[in-house]
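Participant: What follows is a structure written as structure tokens; I'll ask about it next.
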Amino acid sequence: MCGRFVSREQAAIEREYNIRVLNPFERVYNAAPSMQLPVIRRAAGGEREALSLRWGLIPHWWSRPGLPTSTINARSEEAASKPMWRSAVRHTRCLVPALGWYEWKVTPEGKVPYFIHAPAMAGLCFAGLWSEWRNPSGDMQPSFAILTRAASRQMTAVHDRMPVVLPEADWAEWLSDWPADHTQRLAEKVDNSLSEFEFYAVSRYVNAPRNQGERCIEPAAA
DNA sequence: CCAGACGTTGTT
DNA sequence: GTCTGG
DNA sequence: CCAGACGTTGTT
DNA sequence: GTCTGG
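Using the numbering used here, the first residue of the first sequence is number 1, and each one after it goes up by one.
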């Protein structure tokens, strides 16, 4: 699955998504659930906008005392039909720019974190969903989730789940209007998602979300 | 009909 | 063991 | 995802 | 809001 990743900085987002970004996004080397992280969505006027949302989707009907804790990922196999996700699959999809993500491989010696990325450290784009929730104070709280799928043959070496990574050719359609057939369109985008990456073990330094910086993606000592 | 859940992963 | 916070 | 907290009463 | 369970 995808419970930790490396976000992208302002310049990279402007360059790769062909948009103007006003917020000075910094690269977050250890992006963790509940953090505010940059995503790209279609604004009311139809143009793309980049803004920070809370990672961990809060549906608009949420009314329990705490915030939901298991909504950082949405299973792509079922999201189109589930009450928690269906509306977002239909109407509020987003792109989540990333340099790569982390998975913890289970070994006899314990869990070992790996950093997974595109060749040449090119940027990646996760398929995301967003939502807005009005908190008890009346403020609108926007949030997002990352879609997951079964690991590709290659990625099963590390873990059995992985994020849905959209090729650039599919970004525009992901953000476009989906008036019908959202189940089939989601399935098509997942089927067409990327499955080949590069990866290497990193230090357990990344385990603690308070640890940040380039050290998170340095290869682990041999 | 109303009440209550609605989510993921991993582990057992 | 389980929940919350980052 | 992992790390870290997890509790009360009374006093300052 | 919408679906499931009783």
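Note that the Cβ used here is the ideal one computed from N, Cα and C, for glycine as well.
#1: Have a look at arginine 249 and aspartate 181 and give me their C-alpha separation to the nearest angstrom.
#2: Anyone know if the C-beta pair for lysine 82 and histidine 159 falls short of 8 Å?
#3: Threshold first: 4 residues or longer. Then list the alpha helix (DSSP H) segments lying entirely within the stretch 132 to 158, N to C.
#4: Specify the secondary structure class of asparagine 73 as computed by DSSP and reduced to three states.
#5: For alanine 169 and threonine 69, I'd like the C-alpha separation in whole angstroms.
#6: Looking at the secondary structure, which residues open and close the alpha helix (DSSP H) in which leucine 186 lies?
#7: Which whole-angstrom value is the C-beta distance of tyrosine 102 and phenylalanine 5, which I expect to be below 8 Å?
#8: Straight-line CA distance for proline 179 to arginine 27?
#9: Taking 8 Å as the limit between beta carbons, can you name the residues of its chain near glutamate 198, skipping five residues before and five after?
#10: In angstroms with no decimal places, state the Cα-to-Cα distance between glutamate 9 and glutamate 109.
#11: Let me know the beta strand (DSSP E) ranges lying completely inside the stretch 80 to 114, each 3 residues or longer, listed in chain order.
#12: To the nearest angstrom, report how far apart glutamate 15 and alanine 74 are at their CA atoms.
#13: Could you tell me whether the Cβ atoms of alanine 151 and methionine 140 are closer together than 8 Å?
#14: Please state whether DSSP places methionine 21 in a helix, a strand or coil.
#15: Comparing alpha-carbon positions, which option in Ala11, Lys189, Ala127 lies nearest arginine 41?
#16: Using a Cβ-Cβ cut-off of 7 Å (strictly less than) and excluding sequence neighbours within five positions of alanine 32, which residues of its own chain qualify?
#17: If serine 7 sits next to proline 59, beta carbons under 8 Å apart, how far is it from one beta carbon to the other, in whole angstroms?
#18: State the Cα-Cα distance for the pair valine 39 and asparagine 211, rounded to the nearest angstrom.
#19: Just list the residues that DSSP pairs methionine 162 with in beta bridges.
#20: Is asparagine 30 buried or exposed, if buried means 16 or more other CB atoms sit within 10 Å of its CB?
#21: Does DSSP classify leucine 194 as helix, strand or coil?
#22: Once you ignore the five residues that flank methionine 1 on each side, which residues in its own chain have a CB closer than 6 Å to its CB?
#23: Does the beta-carbon of lysine 111 have 16 or more other beta-carbons within 10 angstroms, so that it is buried, or is it exposed?
Facilitator: On the basis of the data shown:
#1: Residue 249 lies beyond the residue range present for the chain, which begins at 1 and ends at 222; the question has no answer from this structure.
#2: Here residue 82 refers to the residue found at position 82 of the first sequence. Here residue 159 refers to the residue found at position 159 of the first sequence. In this structure, histidine 159 does not lie closer than 8 Å to lysine 82 by Cβ.
#3: none
#4: Mapped onto the first sequence, residue 73 falls at position 73. It is a strand residue.
#5: Indexing the first sequence from 1 puts residue 169 at position 169. Indexing the first sequence from 1 puts residue 69 at position 69. When rounded, the distance between both Cα atoms is 32 Å.
#6: Against the first sequence, residue 186 aligns to sequence position 186. 182 to 191 is the extent of the alpha helix (DSSP H) around leucine 186.
#7: As a working mapping, residue 102 is identified with position 102 in the first sequence. As a working mapping, residue 5 is identified with position 5 in the first sequence. Going by Cβ atoms, the distance from tyrosine 102 to phenylalanine 5 rounds to 7 Å, so yes, they are a contact pair.
#8: For the purposes of this step, residue 179 is taken as the residue at position 179 of the first sequence. For the purposes of this step, residue 27 is taken as the residue at position 27 of the first sequence. Straight-line Cα distance between these residues: approximately 35 Å.
#9: Position 198 of the first sequence holds residue 198. The residues are Ile116, His117, Ala118, Pro119.
#10: Here residue 9 refers to the residue found at position 9 when the first sequence is read from its first residue. Here residue 109 refers to the residue found at position 109 when the first sequence is read from its first residue. If you take the alpha carbons of glutamate 9 and glutamate 109, they lie about 35 Å apart.
#11: 93 to 107
#12: Along the first sequence, one-based indexing puts residue 15 at 15. Along the first sequence, one-based indexing puts residue 74 at 74. Note on residue identity: the sequence assigns arginine, not glutamate, to residue 15. Distance between the alpha carbons of arginine 15 and alanine 74: 28 Å.
#13: Against the first sequence, residue 151 aligns to sequence position 151. Against the first sequence, residue 140 aligns to sequence position 140. No. Outside cutoff.
#14: Within the first sequence, numbered from 1, the residue matching residue 21 stands at position 21. First, the amino acid is wrong: residue 21 is valine here, not methionine. Coil, per DSSP.
#15: Along the first sequence, one-based indexing puts residue 41 at 41. Minimum Cα distance to arginine 41 is reached at Ala127.
#16: By 1-based counting over the first sequence, the position of residue 32 is 32. Closer than 7 Å at the Cβ level, and outside the excluded window around alanine 32, lie Arg4, Pro209.
#17: As a first step, residue 7 must be located in the first sequence, where it is residue number 7. As a first step, residue 59 must be located in the first sequence, where it is residue number 59. Not a contact, Cβ separation roughly 23 Å.
#18: Walking along the first sequence from the start, residue 39 turns up at place 39. Walking along the first sequence from the start, residue 211 turns up at place 211. Spanning the two alpha carbons is a distance of roughly 22 Å.
#19: Counting from one through the first sequence, the residue named residue 162 turns up at place 162. Arg149.
#20: Reading the first sequence from its first residue, position 30 is the one you call residue 30. It counts as buried.
#21: Residue 194 sits at position 194 when you count from the first residue of the first sequence. Of the three classes helix, strand and coil, the one that applies to leucine 194 here is coil, per DSSP.
#22: As a working mapping, residue 1 is identified with position 1 in the first sequence. The answer, listed in chain order, is Asn73, Thr148, Arg161.
#23: Locating residue 111 in the first sequence gives position 111, counting from the first residue. With fewer than 16 other Cβ atoms within 10 Å, it is exposed.
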